[in-house]
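Per this note's numbering, the very first residue in the sequence shown carries number 3; after that it's consecutive. Reviewing the structure listed below.
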Amino acid sequence: MMASDLIKLQRDYLLNLIGSVETSNGLKCLVLDANSERLVNSLIDSNTLLRYVTTVERIDKKRKIRLSMEGVYLIGPTKFSVNCLLADFQINPTRYKKAHLLFLSPLARELTNLILGNKQLEANTVTRKTVDFTLLPLEGHVFLSDAPDSLPTLYNENCLDLIRYQVSRAVQSLMNLCIITGEYPLVRYYSPQNPINKSSVLPRMIAQEFQKTLDDYCRIKQDFPGDNPRPRSIFIVTDRTMDLLAPLMHDFTYEAMCFDLLEFAENVDGDYPNTYRYSVENENGELLDREASLKPPIDDYWEELRNMHILDASNQLDAKLNKLISNNPMMVDRDKASGTRDFLFIVAHLHGFDEERRKIMLHKKLTEELLVINNDRHLAECADFEQNCAACGVSYDGEKIKDMASFLLSWISLDYFTTSDKIRLILIYAIYRGGLIRTDVSKLVKFAGLASAEEHVMTLFENFSLLGFQLLKAHPKDKGFKKQFWHKIDSNAVLNTSRYRPAIQAIVELASKGTLDEAVFPYIKDKPLEVNETNPDSATSLKNPRYRAAWSRKGSTYSPPKQRIVVYSAGGITYSEMKAGYDAGCSLNKDVFIGSDEVITPRMFVNNVIDLTSDRASLSLFYDRKRAAGESAPKVLFEQESHHRPSIGGPVESSASLASTASQSHEPLTNDKEKHRKRDKLKKFWK
Numbered sequence: 003m004m005a006s007d008l009i010k011l012q013r014d015y016l017l018n019l020i021g022s023v024e025t026s027n028g029l030k031c032l033v034l035d036a037n038s039e040r041l042v043n044s045l046i047d048s049n050t051l052l053r054y055v056t057t058v059e060r061i062d063k064k065r066k067i068r069l070s071m072e073g074v075y076l077i078g079p080t081k082f083s084v085n086c087l088l089a090d091f092q093i094n095p096t097r098y099k100k101a102h103l104l105f106l107s108p109l110a111r112e113l114t115n116l117i118l119g120n121k122q123l124e125a126n127t128v129t130r131k132t133v134d135f136t137l138l139p140l141e142g143h144v145f146l147s148d149a150p151d152s153l154p155t156l157y158n159e160n161c162l163d164l165i166r167y168q169v170s171r172a173v174q175s176l177m178n179l180c181i182i183t184g185e186y187p188l189v190r191y192y193s194p195q196n197p198i199n200k201s202s203v204l205p206r207m208i209a210q211e212f213q214k215t216l217d218d219y220c221r222i223k224q225d226f227p228g229d230n231p232r233p234r235s236i237f238i239v240t241d242r243t244m245d246l247l248a249p250l251m252h253d254f255t256y257e258a259m260c261f262d263l264l265e266f267a268e269n270v271d272g273d274y275p276n277t278y279r280y281s282v283e284n285e286n287g288e289l290l291d292r293e294a295s296l297k298p299p300i301d302d303y304w305e306e307l308r309n310m311h312i313l314d315a316s317n318q319l320d321a322k323l324n325k326l327i328s329n330n331p332m333m334v335d336r337d338k339a340s341g342t343r344d345f346l347f348i349v350a351h352l353h354g355f356d357e358e359r360r361k362i363m364l365h366k367k368l369t370e371e372l373l374v375i376n377n378d379r380h381l382a383e384c385a386d387f388e389q390n391c392a393a394c395g396v397s398y399d400g401e402k403i404k405d406m407a408s409f410l411l412s413w414i415s416l417d418y419f420t421t422s423d424k425i426r427l428i429l430i431y432a433i434y435r436g437g438l439i440r441t442d443v444s445k446l447v448k449f450a451g452l453a454s455a456e457e458h459v460m461t462l463f464e465n466f467s468l469l470g471f472q473l474l475k476a477h478p479k480d481k482g483f484k485k486q487f488w489h490k491i492d493s494n495a496v497l498n499t500s501r502y503r504p505a506i507q508a509i510v511e512l513a514s515k516g517t518l519d520e521a522v523f524p525y526i527k528d529k530p531l532e533v534n535e536t537n538p539d540s541a542t543s544l545k546n547p548r549y550r551a552a553w554s555r556k557g558s559t560y561s562p563p564k565q566r567i568v569v570y571s572a573g574g575i576t577y578s579e580m581k582a583g584y585d586a587g588c589s590l591n592k593d594v595f596i597g598s599d600e601v602i603t604p605r606m607f608v609n610n611v612i613d614l615t616s617d618r619a620s621l622s623l624f625y626d627r628k629r630a631a632g633e634s635a636p637k638v639l640f641e642q643e644s645h646h647r648p649s650i651g652g653p654v655e656s657s658a659s660l661a662s663t664a665s666q667s668h669e670p671l672t673n674d675k676e677k678h679r680k681r682d683k684l685k686k687f688w689k
């Protein structure tokens with residue numbers, strides 16, 4: 003059986019949801035708010051959507067009166083969206099004939115009372131229900147709860163009032179996942195031994211609330227989860243504190259390198275357009291500026307290459323380039339081509355093959371840019387030291403390195419290492435050592451030529467304690483801080499720069515074998531009836547023996563349904579962890595899904611850790627900026643049409659509406675993204 007694809011599962015759920023709404027004349031106006039619009043746009047194109055509805059509109063924009071239509075509201079349970087909804091039924095005549103209210107997640111009592119208090123709306127409401135549609139599938143096996151600024155929100159003491167909101171977003175996305183997959187999982191959570199702060203209870207909070215919500219849903223929906231031929235799934239809730247190395251280590255996978263080494267300026271506030279801008283020469287020799295979105299399924303080359311090592315991805319592109327040329331020998335003078343650059347020139351001037359040519363040129367430009375940065379910054383040398391630290395001072399050859407400090411000093415003294423690379427090296431070394439004394443940190447910073455950044459680096463070291471790791475020691479003779487590491491080192495790795503495997507991969511492998519430590523990863527409620535540690539499938543004990551007999555006969559070609567393993571990590575996940583989940587799924591023959599509030603890069607992580615002791619106002623959290631933007635409905639929604647003629651919208655207007663707002667993920671916030679970028683504490687040092 004093929005692996006599950008979260009994008010397809012969520013798309014099918016959306017279309018079934020919209021299709022299930024019945025109107026008196028078959029005409030539907032789908033009304034979206036900023037959040038639901040982004041979810042919808044990430045799943046389906048406007049032309050496909052318009053096969054299911056007559057028109058699509060934004061709830062906070064000026065709209066016509068459409069009394070011949072029924073409004074299907076797919077909106078979040080926010081006061082702003084509810085006030086916009088109420089405005090549609092406070093005008094006379096009302097905006098739509100009837101209303102079908104589909105809320106992404108449960109309404110607060112206050113908002114329910116507001117809706118019930120509008121007599122026009124109440125009289126014309128056909129449907130009002132919660133649809134559990136909050137999960138944002140970023141890739142086929144990666145999903146987000148869409149809650150930006152997760153690290154400061156969860157670990158900064160000035161944001162304690164937001165923890166409940168962040169937890170509820172996580173629970174809602176996990177519920178959405180259960181509904182679209184039909185899973186009633188075994189639930190486990192990360193419970194570190196000897197924690198040093200109260201935030202260690204966060205995974206348990208999410209897991210308990212999720213289990214309660216899931217059980218409540220099962221009581222209401224008597225037919226859920228239904229018959230499921232798969233082995234029972236495992237959901238593991240953890241948080242950023244489980245693996246503090248993953249956001250710091252250099253990873254040489256194509257996707258991870260892109261978002262580590264290049265700046266994607268539009269990837270803020272939970273938006274991930276992944277827009278890459280580049281220049282390319284056309285067949286007339288003109289240099290043109292181009293941009294592309296590095297997202298599946300928009301770019302099938304990206305889908306194919308992103309999980310490859312950068313060198314493998316580059317070689318694969320060369321093979322595609324050569325194949326395109328060899329398949330068209332009459333159009334190419336191979337005598338004039340002596341290398342890849344000549345072939346690229348030839349391809350650029352080929353007539354036809356526009357799409358194939360565009361993708362090859364795009365990814366060759368991108369991989370070459372990454373390889374140049376890699377060489378200029380000597381990242382392989384940098385990564386070799388990082389790998390040795392992660393391996394507790396053991397080299398690629400299996401030898402114990404006696405003086406890691408000398409290697410650190412030699413690396414951070416070199417001019418070709420950037421400020422960001424030096425800071426990451428110092429942090430990784432400090433984690434390996436179990437912490438450093440303040441004076442040693444100061445000496446390292448000055449020796450690295452980073453005196454101007456010393457205050458920020460000290461804040462970094464101090465704030466690591468809020469993530470469960472005491473990175474500053476009080477006295478030179480104090481023992482190093484002891485914390486159980488869950489990442490693993492692959493001694494069989496082909497490259498010395500790729501031995502480190504994030505903790506997510508290790509715990510998935512252990513959970514699938516039934517050997518994941520119950521003291522550190524306890525079950526919330528159920529646990530397997532039997533565990534045979536030698537059986538890779540033993541973690542799924544609730545099996546039907548007849549079902550097993552059906553597919554395990556000798557010579558059978560039947561492929562059994564794969565077990566699903568889900569890891570939700572609060573506080574953000576890295577691109578290397580997304581890759582780790584993919585690798586674990588392939589090696590174990592499981593459907594492995596990785597989820598979090600948001601995706602973080604090394605730069606984001608460092609700045610977020612600095613922010614863990616910042617005051618609330620200086621954080622400029624997305625949640626706070628949304629609240630500050632106001633909760634009242636825009637005045638334009640109350641304006642009467644000067645010459646009222648009830649109208650029916652059509653696909654042309656709908657398509658334009660969707661396209662014009664596709665890049666907006668949330669309610670308009672004045673200059674928000676510019677303000678957000680100013681929060682980069684190390685921006686003038688970070689290269």
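Quick reminder that beta carbons are idealized off the backbone N, C-alpha and C, glycines included.
Straight-line Cα distance separating residue j from residue i
i: VAL33; j: GLY287; result: 47 Å
i: GLU2; j: THR369; result: Shown here, the chain extends from 3 to 689; a query on residue 2 therefore has no answer.
i: PHE387; j: GLY78; result: 47 Å
i: MET606; j: GLU268; result: 14 Å
i: VAL239; j: VAL510; result: 11 Å
i: ASP599; j: LYS475; result: 32 Å
i: ALA248; j: VAL594; result: 18 Å
i: LEU289; j: GLU283; result: 4 Å
i: PRO670; j: ALA631; result: Reliability of the predicted coordinates at PRO670 is poor, the pLDDT of 42 falling under 50, and the value obtained from them is presented with this limitation in mind. Their backbone Cα atoms lie some 8 Å apart in a straight line.
i: LEU307; j: ARG97; result: 48 Å
i: VAL459; j: ALA209; result: 34 Å
i: GLN472; j: LEU416; result: 28 Å
i: ALA710; j: ASP301; result: The first residue shown for the chain is 3 and the last is 689, placing residue 710 beyond what the model contains.
i: ILE433; j: TYR186; result: 38 Å
i: ASN329; j: LEU319; result: 15 Å
Outcome for residue i when other beta-carbon atoms lying within 10 angstroms are tallied against a minimum of 16
i: GLU24; result: exposed
i: GLN1; result: For residue 1 there is no data in the structure shown, the boundaries of the chain being 3 and 689.
i: ILE575; result: buried
i: TYR15; result: buried
i: TYR191; result: buried
i: GLU72; result: buried
i: CYS588; result: exposed
Nearest to residue i (by Cα), restricted to the options the options
i: ASN494; options: ALA382, SER397, ARG65; result: SER397
i: ARG503; options: GLU72, LEU76, LEU246; result: LEU246
i: ILE439; options: PHE483, LEU188, ASP423; result: PHE483
i: PRO311; options: GLU268, LEU373, GLY436; result: A small correction: the amino acid at residue 311 is His; Pro does not occupy that position in the sequence shown. Checking every option, the nearest Cα to that of HIS311 belongs to LEU373.
i: ASP90; options: GLU39, LYS64, LEU446; result: LYS64
i: ASP291; options: PRO249, ASN230, MET363; result: MET363
i: GLU383; options: LYS366, LYS404, HIS365, ASP423; result: ASP423
i: LYS628; options: PRO187, GLY451, ALA149, TYR525; result: ALA149
i: LEU264; options: THR603, ARG40, ALA321; result: THR603
i: THR421; options: LEU446, TYR434, GLU401; result: LEU446
i: LEU17; options: SER6, VAL55, LEU8; result: VAL55
i: HIS489; options: MET251, LYS322, ILE428, ILE526; result: MET251
i: SER702; options: TRP413, TYR584, SER578, THR461; result: Residue 702 falls outside the range modelled here, since the chain spans only 3 to 689, and no answer is possible.
i: HIS143; options: PHE523, PHE640, ALA586; result: ALA586
i: HIS380; options: ILE414, ILE403, ASN465; result: ILE414
i: SER6; options: ASN609, ASN591, LEU623; result: ASN591
Residues of its chain near residue i, where Cβ-Cβ distance is below 8 Å and the 5 sequence neighbours each way are ignored
i: LEU716; result: Since the first residue shown for the chain is 3 and the last is 689, residue 716 is missing from the structure and cannot be characterised.
Residues of its chain near residue i, where Cβ-Cβ distance is below 6 Å and the 5 sequence neighbours each way are ignored
i: TYR431; result: CYS391, LEU410
i: CYS220; result: PHE226
i: VAL173; result: GLU211, PHE212, THR215
i: TYR597; result: Just to set this straight, residue 597 is Gly in the shown sequence, not Tyr. Cβ neighbours of GLY597 beyond the five flanking positions: PHE145, TYR570.
i: ARG171; result: SER147, ALA149
i: MET259; result: ILE312, LEU372
Sequence-distant residues of the same chain with beta carbon closer than 7 Å to residue i, five excluded per side
i: GLN12; result: LEU45, LEU137, PRO139, ILE182
i: ALA582; result: ARG503, PRO504, ILE506, GLN507
i: PRO95; result: ILE67, LEU69
i: ARG206; result: TYR191, SER193
- Message: Three or more C-beta pairs under 8 Å: does that hold for the region 272-282 against the region 399-408?
- Response: Too few Cβ pairs lie closer than 8 Å, so no.
- Query: Can you find at least 3 beta carbon pairs, one from the region 144-164 and one from the region 181-195, that sit closer than 8 Å?
  - Reply: The region 144-164 is not in contact with the region 181-195.
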